[in-house]
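Residue numbers (the UniProt record's numbering): 1 to 580.
Beta carbons are placed, not taken as given, at the ideal position from N, Cα and C, and that holds for glycine.
Here the structure is laid out as structure tokens; the discussion comes afterwards.
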Amino acid sequence: IPRVVEFAYHVEEDTVWSQVAKAQLRVGLVSDAIESFMHAEDATHFLDVIRAAEDNECYHDLVKYLSMVRQKIKEPKVDSELIYVYAKIDTLSEIEEFILMPNVANLHNVGDHLFDESLYEAAKIIYAFISNWAKLAVTVVRLQKFQGAVDAAGKANTAKTWKEVCFACVDAEEFRLAQICGLNIIVQKYVCPMFRICFMNGLDVKWQNGQVDDLEEVSEYYQNRGCFSELISLMESGLGLERAHMGIFTELGVLYARYRHEKLMEHIKLFSTRLNIPKLIRACDEQQHWKELTYLYIQYDEFDKAASTVMNHSPEAWDHMQFKDIAVKVANVELYYKAVHFYLREHPDLINDVLNVLALRLDHTRVVDIMRKAGYLLLVKSYMVAVQSNNVSAVNEALNEIYVEEEDYDRLRESIDLYDNFDQIGLAQKIEKHELLEMRRVAAYIYKKAEELLEYFIDEGKKECFAACLYVCYDLISPDVVLTLVWLNNMIDFAMPYFCQVLREYTSKVDTLEKDKIEAKKKTEAKENEEQDIVKQHNMYAQLLPLALPAPPPMAGGFAPPPLMGPMGGSGMPPRPPTF
1 IPRVVEFAYH
11 VEEDTVWSQV
21 AKAQLRVGLV
31 SDAIESFMHA
41 EDATHFLDVI
51 RAAEDNECYH
61 DLVKYLSMVR
71 QKIKEPKVDS
81 ELIYVYAKID
91 TLSEIEEFIL
101 MPNVANLHNV
111 GDHLFDESLY
121 EAAKIIYAFI
131 SNWAKLAVTV
141 VRLQKFQGAV
151 DAAGKANTAK
161 TWKEVCFACV
171 DAEEFRLAQI
181 CGLNIIVQKY
191 VCPMFRICFM
201 NGLDVKWQNG
211 QVDDLEEVSE
221 YYQNRGCFSE
231 LISLMESGLG
241 LERAHMGIFT
251 ELGVLYARYR
261 HEKLMEHIKL
271 FSTRLNIPKL
281 IRACDEQQHW
291 KELTYLYIQY
301 DEFDKAASTV
311 MNHSPEAWDH
321 MQFKDIAVKV
331 ANVELYYKAV
341 HFYLREHPDL
351 INDVLNVLAL
361 RLDHTRVVDI
371 MRKAGYLLLV
381 KSYMVAVQSN
391 NVSAVNEALN
401 EIYVEEEDYD
411 RLRESIDLYD
421 NFDQIGLAQK
431 IEKHELLEMR
441 RVAAYIYKKA
451 EELLEYFIDE
461 GKKECFAACL
471 YVCYDLISPD
481 VVLTLVWLNN
491 MIDFAMPYFC
501 QVLREYTSKV
511 DTLEKDKIEA
521 KKKTEAKENE
531 EQDIVKQHNM
541 YAQLLPLALP
551 APPPMAGGFA
561 PPPLMGPMGG
571 SGMPPRPPTF
């Protein structure tokens, strides 16, 4: 190669220098090859030269060669490569001068190539010159110049650019600049109709092209890095924007539920019409904010769930006035009676208030049964008095029972007069032997009412009604009264079924008494015979036993007395045994 170079210097012909340059390039003498190509002013092999120079990092020599080449030809590859080489040797001023001059460089590709090579300062110059603000913003972020990145992102004004700059500012803890970017992200409008429908119904929010909603992405990025306060500040700032939408209000509510519980209720009440309630309901349920959850159910007209939440989490969620408002709108009837049990268990002093509110929807018989089984019937007396106008048998009987226990005969008589749907004979029999005279008079009054009804039907000539009354009031009417009335009014035929029943009843009673008497007599005789058999058997066993006689006292001198001979006369002593 040295002799060839010497020969080229000797002849000074371009073709010779070209051959020398190619030979030098083949053996890796890149700098010498570039010098030889310049001697030959040969621009035809610029691709090989560029490749070899980059491989051997001969950038300063390459600048000279490319400057010569671009004087010969107008090739985008040459101009683009020259800018790249300027960047590699860090002559940024040359780049600025070059792009201001006429050139055919593909600046977009050059800028991307510089960015990929991490030559950010040079890429910044290129992107700024071609007004590629999105790439410029990302490039400036790489240079840690966040204010410039925000300015460039503002000119680009795309969600992707804002997010990249925002996330970089968060990582660098430049939260003021991050908030500027974030505000431009979270106010993006939802242009997809199906997306809007999904969002309104609390479903997963995604764009049609598969990208995650920008607002959710920003929120997750902040939360994953523990920047909760900064994220809440961002969302609060977004509320006042002209383009603030439902997503911002909802996301702020979710953040309050997670990190600022004390602000949640106020936020819900202020912006209840601008919230995605199903999504916020899930957040409150996960975070166990039962009071706020109840309020959201009310706003969403889910009164059954609201009532269940209050009763299941009463220490936090219960409010008496609110619960009454919920209860009257509940659709599930079983929740009414669950509410009765709930108030009986936790707030018995307010149970009458709730029962009065639900009076039009409750089965009063079932309520009375619940209270009777619990043993607190007296507790709901005022409720039963309020609903007694419906003349329900269970209510009437429960109140009459209370009046009897309280010995309130005036209220008892009033109840009997106004509400007749109760077991009259049962009540009369219960109080006819009451120790209080006025109570016995009430029992007589019940019997008298039945007799007065019979007299009314007789006076009106309603004989069939008279017969029916005898059947209905059978237990309340004395047979002698009926016999007197029918004999005086010649209505014996209409009373005959009644008398047949009376005769049958009394005959059955007499037969039962006789039967009981005979059975009792038989039992008595059997018992007496059994006792006699026991006595006889006892006497028989007693005769077989030896006499239990006491031992005689000892004689003087130690001799025993001789045995007695023969029976003793009239003394009652046993006879003396015979001697031989």
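Item, Value
"THR294 classed as buried or exposed, judged by whether at least 16 other C-beta atoms fall within 10 angstroms", "buried"
"Contacting residues, own chain, Cβ-Cβ under 6 Å from ALA307 (five flanking each side not counted)", "ILE326, VAL330 and LEU335"
"Validate contact between the stretch 138 to 148 and the stretch 114 to 128 using beta carbons, cut 8 Å, 3 pairs", "yes"
"Through-space distance from LEU362 to TYR403, alpha-carbon basis", "23 Å"
"Where ILE416 falls, given that 16 or more other Cβ within 10 Å makes a residue buried", "buried"
"Where GLU266 sits in the DSSP three-state scheme", "helix"
"Buried or exposed by the 16-neighbour rule on C-beta atoms within 10 Å, applied to SER389", "exposed"
"Counted within 10 angstroms of its Cβ, other Cβ atoms place TRP162 as buried (16 or more) or exposed", "buried"
"Proximal residues to ILE130 (C-beta, below 8 Å), its chain only, five neighbours per side dropped", "LEU107, HIS108 and GLY111"
"Euclidean distance between Cα positions of ASP301 and LYS291", "16 Å"
"Start-end ranges of the alpha helix (DSSP H) lying completely within the stretch 117 to 194, minimum 4 residues", "120 to 130, 133 to 142, 146 to 156, 159 to 171 and 175 to 186"
"Beta-carbon contacts of ALA168 that lie in its chain and below 6 Å, excluding the five residues immediately before and after", "VAL141"
"Other residues of its chain near TYR409: CB distance less than 8 Å, five sequence neighbours each side excluded", "TYR403, LEU436, GLU438, MET439, ARG441 and VAL442"
"VAL367 classed as buried or exposed, judged by whether at least 16 other C-beta atoms fall within 10 angstroms", "buried"
"Extent of the continuous alpha helix (DSSP H) to which GLN388 belongs", "No alpha helix (DSSP H) contains GLN388, which DSSP labels as neither H nor E."
"Whether ILE186 touches MET235 by CB criterion (9 Å)", "yes"
"Coarse secondary structure for HIS347, derived from DSSP in three states", "coil"
"Cβ pair count under 8 Å reaching 3, the stretch 90 to 99 against the stretch 65 to 72", "no"
"Three-state class that DSSP yields for TRP487 in the structure shown", "helix"
"Alpha-carbon to alpha-carbon, GLU251 and ALA137", "28 Å"
"Separation of HIS289 from GLU242, as counted between CA atoms", "31 Å"
"Assigned secondary structure, ALA105 (DSSP; H/G/I helix, E/B strand, else coil)", "coil"
"Inter-residue spacing [alpha-carbon to alpha-carbon] between GLU316 and GLU220", "30 Å"
"HIS320 vs LEU296 beta-carbon contact at 9 Å", "no"
"Simplified DSSP assignment, three categories, for LEU378", "helix"
"Identity of the residue in SER237, GLY240, PRO278 and ALA244 nearest VAL254 by Cα", "PRO278"
"Cβ distance (whole Å) where LEU355 is taken to contact TYR376 below 8 Å", "Not quite, the Cβ-Cβ distance comes to about 12 Å (not below 8 Å), so this is no contact."
"Residue-level contact to chain D via CB, ASN539, 9 Å cutoff", "The structure shown contains no chain D, having only a single protein chain."
"Proximity to ALA105 [Cα-Cα], best of ILE83, ASP55 and MET491", "ILE83"
"Reference LYS269; option with closest CA among GLN287, PHE249, TYR259 and ALA283", "PHE249"
"Outcome for ALA172 when other beta-carbon atoms lying within 10 angstroms are tallied against a minimum of 16", "exposed"
"Cβ-based burial, VAL170 [other Cβ within 10 Å; buried from 16]", "buried"
"Backbone secondary structure at GLN288 - three-state DSSP", "coil"
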